[in-house]
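Student: Quick mapping for you: the protein sequence lines, in order, are chains Y and R.
The first sequence finishes on residue 180 if you use our numbering, and the numbering steps up by one all the way, no holes.
The second sequence finishes on residue 180 if you use our numbering, and the numbering steps up by one all the way, no holes.
Just so you know, even glycine gets a beta-carbon here, dropped at the ideal spot from N, CA and C.
Number of protein chains: 2
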Amino acid sequence: MSDPDQFPSATANTSPALVKQNLRVWLKMLKATKHVEATVREKLRVEFDTTLPRFDVMAALYRFEEGLKMSELSSALRVSNGNVTGIIERLVADGAVLRVPVAGDKRAMLVRLTHKGRDEFAKMAAAHELWINEIFGGLSPDTTARLISILDTIEHSQGLTPGEDHDA
Amino acid sequence: MSDPDQFPSATANTSPALVKQNLRVWLKMLKATKHVEATVREKLRVEFDTTLPRFDVMAALYRFEEGLKMSELSSALRVSNGNVTGIIERLVADGAVLRVPVAGDKRAMLVRLTHKGRDEFAKMAAAHELWINEIFGGLSPDTTARLISILDTIEHSQGLTPGEDHDA
DNA sequence: GAATAATTATTCAAGCTTGAAATTTCATAC
DNA sequence: GTATGAAATTTCAAGCTTGAATAATTATTC
Chain Y
13 MSDPDQFPSA TANTSPALVK QNLRVWLKML KATKHVEATV REKLRVEFDT
63 TLPRFDVMAA LYRFEEGLKM SELSSALRVS NGNVTGIIER LVADGAVLRV
113 PVAGDKRAML VRLTHKGRDE FAKMAAAHEL WINEIFGGLS PDTTARLISI
163 LDTIEHSQGL TPGEDHDA
Chain R
13 MSDPDQFPSA TANTSPALVK QNLRVWLKML KATKHVEATV REKLRVEFDT
63 TLPRFDVMAA LYRFEEGLKM SELSSALRVS NGNVTGIIER LVADGAVLRV
113 PVAGDKRAML VRLTHKGRDE FAKMAAAHEL WINEIFGGLS PDTTARLISI
163 LDTIEHSQGL TPGEDHDA
């Protein structure tokens with residue numbers, strides 16, 4: 013676990029100028045992310061008549077053929093329980109997702125993609141990969157590797173609170 | 013305008029392995045951004061009983077003492093017109109924002125922070141700066157500079173569509 | 001096994017977000 | 001000045017999001 017981006021005098025006592033610089037980099041990062049997100053959102057809407065939250069849910073279910081419990085799904089996506097309920101409702105109504113009771117636990121529900129749902133998602137995922145590649149394809153492999161390294165540092169940085177992450 | 017992160021054979025015809033790597037860096041970037049955003053969101057809620065959208069609106073108005081038209085505000089924040097209407101409504105109800113008619117144009121409305129709104133935002137902004145510094149303070153100045161440079165490349169990358177950005 | 005606590009999921013109210021439709025006002029052309 | 005189109009906002013329906021409250025079931029403890 014090397015940490016080449018970790019600054020020696022680690023957390024939080026920097027000069028005013030550095031504080032400003034940190035704020036600037038955060039705003040830049042937010043802007044760039046929102047830009048990419050908006051692109052994906054619009055393409056999903058125009059080309060597939062769907063939304064990003066639905067895509068995210070389907071992506072999670074796609075990786076678990078056997079299905080996921082509602083609670084597993086919401087924690088995988090890091091969104092609230094009630095949130096997932098609504099999205100799944102609509103996906104079920106559209107025939108993309110199936111709900112099956114969990115044997116031995118009458119509280120839990122297993123949700124998984126239907127065959128139709130899998131087919132739909134496979135198409136969207138392929139397109140999505142290309143969209144992302146159009147945006148990030150301009151970066152050299154070295155640059156993307158560096159970017160991942162920097163982002164890792166941020167993610168595992170102090171000042172958490174929400175969730176107290178630290179996973180992979 | 014140097015572009016040290018621009019890859020020679022620029023846009024979009026990369027190998028499957030690079031496509032996957034680009035997808036990976038995007039997901040990482042999204043995750044890190046959401047992590048920071050969630051932190052800020054929760055702190056705003058717990059410490060100031062407010063929301064991120066309200067904070068964003070107030071931040072924009074703070075920078076323009078003379079006020080902004082609704083349309084200027086929504087384009088500055090890159091959100092829809094109808095969106096801003098609702099947020100401003102609540103800020104007005106809370107006495108943080110004032111609406112004044114624009115002389116010579118009965119359609120337009122100028123919105124600006126009240127004295128109370130400015131005071132409130134100043135406190136929040138100071139705290140916000142520290143939160144961000146706690147998270148990004150672990151990066152060296154060189155690293156943040158590099159990050160900004162990479163993010164710039166992404167932002168000015170192909171595959172836009174939404175907005176066709178290209179500003180500062 | 002009865003009481004208590006923890007888990008799982010849904011419901012709810014409030015707010016955010018969007019794109020589209022409707023309104024009002026302004027600017028331009030004739 | 002009247003018509004036509006552009007601009008500034010608001011309204012609207014649909015969906016997303018949250019945290020809190022509720023309900024149902026399961027697990028634990030005595």
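#1: Would you say R:Ser169 lies against chain Y (beta-carbon separation less than 8 Å)?
#2: Taking C-beta to C-beta, are R:Leu163 and Y:Lys40 nearer than 8 Å?
#3: Using the beta-carbon count (16 or more within 10 Å), is Y:Lys55 buried or exposed?
#4: How about Y:Pro65 and Y:Ile99: are their beta carbons less than 8 Å apart?
#5: Inspect the beta-carbon positions of Y:Leu110 and Y:Arg124 and report whether they are closer than 8 Å.
#6: Would you identify the three-state DSSP class for Y:Asp61, choosing helix, strand or coil?
#7: In terms of residue numbering, what span does the alpha helix (DSSP H) encompassing R:Val96 cover?
#8: Which chain R residues are close to Y:Glu141, counting only those with a beta carbon under 7 Å from its beta carbon?
#9: In this structure, how does DSSP classify Y:Ala115 when only helix, strand and coil are distinguished?
#10: Quick one: measure Cβ to Cβ for Y:Leu159 and R:Val37, integer angstroms, because I've assumed they're closer than 8 Å.
#11: Are the C-beta of R:Ala134 and some C-beta of chain Y separated by less than 8 Å?
#12: So, do the segment 140-147 of chain R and the segment 81-96 of chain R have three or more beta carbon pairs nearer to each other than 8 Å?
#13: Tell me the rounded alpha-carbon separation between R:Ala44 and R:Lys118.
#14: Among the residues of its own chain, which have a CB less than 7 Å from the CB of Y:Glu59, if the five just before and after it don't count?
Tutor: The relevant details are as follows:
#1: Position 157 of the second sequence, counted from the start, is the residue given in the question as residue 169 of chain R. R:Ser169 counts as touching chain Y.
#2: Reading the second sequence from its first residue, position 151 is the one you call residue 163 of chain R. Reading the first sequence from its first residue, position 28 is the one you call residue 40 of chain Y. Cβ atoms of R:Leu163 and Y:Lys40: closer than 8 Å.
#3: Position 43 of the first sequence, counted from the start, is the residue given in the question as residue 55 of chain Y. Under this definition Y:Lys55 is a buried residue.
#4: What you label residue 65 of chain Y is simply residue 53 of the first sequence in a count that begins at 1. What you label residue 99 of chain Y is simply residue 87 of the first sequence in a count that begins at 1. In contact: Y:Pro65 and Y:Ile99 (Cβ atoms closer than 8 Å).
#5: Sequence index remark: in the first sequence, residue 110 of chain Y carries index 98 (1-based). Sequence index remark: in the first sequence, residue 124 of chain Y carries index 112 (1-based). Closer than 8 Å, so yes.
#6: For this step, residue 61 of chain Y is matched to residue 49 along the first sequence. Coil at Y:Asp61, not helix or strand.
#7: Taking the first residue of the second sequence as position 1, residue 96 of chain R is located at position 84. First-last of the alpha helix (DSSP H) with R:Val96: Asn93 to Ala105.
#8: By one-based count along the first sequence, residue 141 of chain Y stands at place 129. Neighbours of Y:Glu141 on chain R, chain order: Val31 and Leu35.
#9: For the purposes of this step, residue 115 of chain Y is taken as the residue at position 103 of the first sequence. It is coil, neither helix nor strand.
#10: Here residue 159 of chain Y refers to the residue found at position 147 of the first sequence. Here residue 37 of chain R refers to the residue found at position 25 of the second sequence. Right, the Cβ-Cβ distance comes to about 6 Å (below 8 Å), so this counts as a contact.
#11: Taking the first residue of the second sequence as position 1, residue 134 of chain R is located at position 122. R:Ala134 does not count as touching chain Y.
#12: no
#13: In the second sequence, residue 44 of chain R corresponds to position 32, counting from 1. In the second sequence, residue 118 of chain R corresponds to position 106, counting from 1. If I take the Cα positions, the gap works out to 44 Å.
#14: Within the first sequence, residue 59 of chain Y is the residue found at index 47, counting from 1. Excluding residues within five positions, the ones whose Cβ falls inside 7 Å are Ala139.
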